[in-house]
Amino acid sequence: MTIYNFGSINLDHLYQLDHFVRPGETMASNSYQCLLGGKGANQSVALAKAGARVKHVGAIHYNDQAIIKQLESLGVDTALIEKIDVPTGHAIIQLNKEAENSIILYQGANHALTEEQVDQVLSQATAGDWVLLQNETNLIEYTMRKAQEHGVKVAFNPAPMDAELTKKVLGFVDLLIVNEVEAMDLIGTSDIDSTIAAFPKAYPELAVLMTLGKAGVCYFSGKESAGKKSTGEEKLFVKAFSVKAVDTTAAGDTFIGFCLASLMNGDDITQSITRACAASAICVTRLGAASSIPTQDEVTAFLAKNS
Ligand code: ADP
Numbered sequence: 001m002t003i004y005n006f007g008s009i010n011l012d013h014l015y016q017l018d019h020f021v022r023p024g025e026t027m028a029s030n031s032y033q034c035l036l037g038g039k040g041a042n043q044s045v046a047l048a049k050a051g052a053r054v055k056h057v058g059a060i061h062y063n064d065q066a067i068i069k070q071l072e073s074l075g076v077d078t079a080l081i082e083k084i085d086v087p088t089g090h091a092i093i094q095l096n097k098e099a100e101n102s103i104i105l106y107q108g109a110n111h112a113l114t115e116e117q118v119d120q121v122l123s124q125a126t127a128g129d130w131v132l133l134q135n136e137t138n139l140i141e142y143t144m145r146k147a148q149e150h151g152v153k154v155a156f157n158p159a160p161m162d163a164e165l166t167k168k169v170l171g172f173v174d175l176l177i178v179n180e181v182e183a184m185d186l187i188g189t190s191d192i193d194s195t196i197a198a199f200p201k202a203y204p205e206l207a208v209l210m211t212l213g214k215a216g217v218c219y220f221s222g223k224e225s226a227g228k229k230s231t232g233e234e235k236l237f238v239k240a241f242s243v244k245a246v247d248t249t250a251a252g253d254t255f256i257g258f259c260l261a262s263l264m265n266g267d268d269i270t271q272s273i274t275r276a277c278a279a280s281a282i283c284v285t286r287l288g289a290a291s292s293i294p295t296q297d298e299v300t301a302f303l304a305k306n307s
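For the sequence shown, position 113 matches number 113 in the UniProt record's numbering, and the numbering has no gaps at all.
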């Protein structure tokens, strides 16, 4: 069973500054780091570290081969990443002394996916495989429609949230994964309790994983349980593990990777959520994005100690 992740790949250029650059100002930065990022790439890394067979589908500039090496060293299959004459997606991130950030995002190659590429990729897929998408690449609706035609399950993490686009494509989605802000934006509510109450009423057919930060995860499903037939309506809540968080970057991406890997491995939804909560709890105790995603062994050891 393979998961095709149609996802963004970004280079995050991180500059530490005393303050954000002001209009007309030129200033030297105190430090510089260039890190692999993008929700798509992070989720592929999490899936691979969780033991899933993941093929990343996307594009980068042909000069940025180091990205391919890095993803491969982490276990991601990169054969479906195109090398093209368009700048790799990137973020210019200013980080000030108060640890606030200010970000310029350039989509670049992340929006260069073509219908031919989608068709070619999905012609390799077989029923039982999954397609995963976030909202940082183009052709989302087209890819979902084609996935459905091939009998492939679709998991969608609509981040950053575009409520209009998301509502339009929900009919193609088998599993929706949202954080609380995205859920509220989609439903048009302003607090989490009414969102949890309103979601299954608004979308009774949909299986939804709603991550609630340090509170945990809520799951509800009308007809299907994360891609498997279930007997009826399901709703459950899994508490997050209590840890000392230092950086929540990539917590959601880690959760998604581990949860999907577990489901594809045949674990039930409660086991899968629990394992993903453990993985993301470890992630928030570490600084960084892809580098803070734990290995399977670390998650197994954490669960043995904490459950
Ligand atoms: P996102 O990063 O997409 O905003 P969340 O903040 O909801 O997603 O985090 C995803 C998951 O990571 C949560 O459901 C939870 O299991 C775990 N998590 C996030 N923050 C913490 C925390 N402070 N302590 C423990 N687990 C956390």
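Using N, Cα and C, we set each Cβ at its ideal position, and we do this for glycine too. Model, not experiment: these values are computed from the prediction.
- Message: Tell me the DSSP secondary structure of Y203 in three-state form.
- Response: coil
*Cβ of L139 versus every heavy atom of the ligand ADP: is any distance shorter than 7 Å?*
no
Taking 7 Å as the cut-off, is the beta-carbon of C277 closer than that to any non-hydrogen atom of the ligand ADP? yes
Problem set entry | V45 beta carbon less than 8 Å from that of V21 | no
Given the structure, does K214 come close to the ligand ADP, in the sense that its CB is under 7 Å from one of the ligand's heavy atoms?
yes
For F20, is the beta carbon positioned less than 7 Å from some heavy atom of the ligand ADP? no
Would you report the Cα separation of T274 and M264, rounded to the nearest angstrom?
15 Å
- prompt: What do you reckon, are the CB atoms on L209 and G222 nearer than 8 Å?
  reply: no
Practice prompt. Look at the alpha carbon of Q120 and the alpha carbon of S29, and state the distance between them as a whole number of angstroms.
Written response: 44 Å
>> Looking only at its chain, what residues have a beta carbon closer than 6 Å to the beta carbon of P200, apart from the 5 residues adjacent to it on each side?
In response: F220
Q. Which class does M184 belong to by DSSP, given the choice of helix, strand or coil?
A. helix
Notebook entry, point to check: How would you call P294, buried or exposed, if buried means at least 16 neighbouring beta carbons within 10 angstroms?
Noted result: buried
query: Would you say N306 touches the ligand ADP, meaning its beta carbon is less than 7 Å from a heavy atom?
result: no
When the Cβ atoms of the region 89 to 99 are set against those of the region 8 to 21, are three or more pairs found closer than 8 Å?
yes
- [ ] With a threshold of 7 Å, establish whether the CB of F156 neighbours any heavy atom of the ligand ADP.
- [x] no
| Any chance the CB of S272 is under 7 Å from a heavy atom of the ligand MN? | Only the ligand ADP can be found as ligands here, which leaves the ligand MN out of the picture.
query: What are the start and end residues of the beta strand (DSSP E) that includes A155?
result: 153 to 157
Next item on the list: Taking the CB atoms as reference points, tell me whether T132 and L260 lie closer together than 8 Å.
Entry: First, the residue type needs correcting, since residue 132 is Leu and not Thr in the sequence shown. Result yes, Cβ atoms of L132 and L260 sit closer than 8 Å.
Can you find the residues in the same chain that come closer than 7 Å, C-beta to C-beta, to E182, ignoring five residues on each side of it along the sequence? P158, A159, M161
Practice prompt. Taking only heavy atoms of the ligand ADP into account, decide whether any of them is closer than 7 Å to the Cβ of F199.
Written response: no
State yes or no: is the C-beta of N5 within less than 8 Å of the C-beta of Q65? no
**Message:** So for K97, helix, strand or coil by DSSP?
**Reply:** coil
Worksheet item: If you draw a straight line from the C-alpha of A304 to the C-alpha of L80, how long is it?
Response: 37 Å
### Task
With a threshold of 16 other CB atoms inside 10 Å of the CB of T26, please say whether the residue is buried or exposed.
exposed
State the start and end residues of the unbroken alpha helix (DSSP H) segment that holds D119. 115 to 124
In this structure, how does DSSP classify A245 when only helix, strand and coil are distinguished?
coil
- Item | Contiguous alpha helix (DSSP H) assignments of at least 4 residues, all confined to the region 35 to 114 | 39 to 49, 65 to 73
- request: Would you check whether the ligand ADP has a heavy atom nearer than 7 Å to the C-beta of G37?
  value: no
Quiz item: In terms of residues, what are the limits of the alpha helix (DSSP H) holding S221?
Solution: Note, S221: premise wrong, no alpha helix (DSSP H); beta strand (DSSP E) at 216 to 221.
Segment limits, alpha helix (DSSP H) that includes residue 308: The chain is shown from 1 up to 307; residue 308 falls before or after that span and cannot be answered.
Review point. Since F237 is in the alpha helix (DSSP H), which residue starts that stretch and which ends it?
Key: Taken as a continuous stretch (DSSP letters only), F237 belongs to no alpha helix (DSSP H), being part of the beta strand (DSSP E) at 234 to 239.
- Message: Assuming F255 and S280 are in contact, meaning their beta carbons sit under 8 Å apart, how far apart are those beta carbons, in whole angstroms?
- Response: 4 Å
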